[in-house]
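Visitor: One point on numbering: in numbering that gives the first Met the number 0, the residue at position 79 of the sequence shown is 78, and numbering is uninterrupted.
C-beta: ideal position from N, C-alpha, C; glycine also.
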Amino acid sequence: MRVVRSMIGKPRRDRVRNEESRRIAGVERIQERIERSRLQWYGHMRRLNDNRIPPRMFNLEMEGKRRRGRPRLSWVDNNMINKDNIIIQKRGLELTIVINEEKFKDRTWWRGFVHSRPIPQIGTT
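#1: Helix, strand or coil for residue 55 per DSSP?
#2: Would residue 15 and residue 9 qualify as a contact pair, given that the criterion is a beta-carbon distance under 8 Å?
#3: How many Å lie between residue 41 and residue 19 at the Cα?
#4: Is the Cβ-Cβ distance between residue 38 and residue 113 less than 8 Å?
#5: Straight-line CA distance for residue 49 to residue 55?
#6: Suppose the cutoff is 7 Å on Cβ atoms and the five residues either side in sequence are ignored; what does the same chain contact list for residue 119 look like?
#7: DSSP three-state call for residue 3: helix, strand or coil?
#8: Can you check which of these residues, 64, 71, 66, 0, is closest to residue 29 by C-alpha distance?
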């Protein structure tokens, strides 16, 4: 936040909240950037052929016993995606669920979904 405060010219003693500083500077939260990057990768992975390594590893079920202690998180556990390829993205209080396989293939729609922009309709530019 030190860099953002220096960008907007407000020292800490001015007691400007972090959210307000980010809004003025036009900088997004790190968590939002990480979620967007993960969704971009997921869309890329879904468009790959099923015989490629990333889709095969994503759908891989491990056999055997787990070690003692806390179970490790998988990529699915750490994201908004479950094994049924249902994506839940929070935009304010609204939840969007994507199930249709064709949505992953439509790169323009997917890009709009990931970046939370209005989704372009077919036939418009």
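Guide: If we stick to the structure as given:
#1: Here residue 55 refers to the residue found at position 56 when the sequence shown is read from its first residue. Helix.
#2: Walking along the sequence shown from the start, residue 15 turns up at place 16. Walking along the sequence shown from the start, residue 9 turns up at place 10. Going by C-beta atoms, residue 15 is nearer than 8 Å to residue 9.
#3: For the purposes of this step, residue 41 is taken as residue 42 along the sequence shown, with counting starting at 1. For the purposes of this step, residue 19 is taken as residue 20 along the sequence shown, with counting starting at 1. The C-alpha of residue 41 lies about 31 Å from the C-alpha of residue 19.
#4: Locating residue 38 in the sequence shown gives position 39, counting from the first residue. Locating residue 113 in the sequence shown gives position 114, counting from the first residue. Yes. Within cutoff.
#5: Numbered from its first residue, the sequence shown carries residue 49 at position 50. Numbered from its first residue, the sequence shown carries residue 55 at position 56. Their backbone Cα atoms lie some 7 Å apart in a straight line.
#6: Position 120 of the sequence shown, counting from 1, holds the residue named residue 119. Legend: pLDDT at residue 119 = 47, less than 50; position of this residue unreliable, value from coordinates given subsequently. Excluding its 5 nearest sequence neighbours in each direction, residue 119 has C-beta neighbours in its own chain below 7 Å: 107, 111, listed in chain order.
#7: Within the sequence shown, residue 3 is the residue found at index 4, counting from 1. Judged by DSSP in its simplified three-state form, residue 3 adopts helix.
#8: As a working mapping, residue 29 is identified with position 30 in the sequence shown. The closest CA to that of residue 29, considering only 64, 71, 66, 0, is found on 0.
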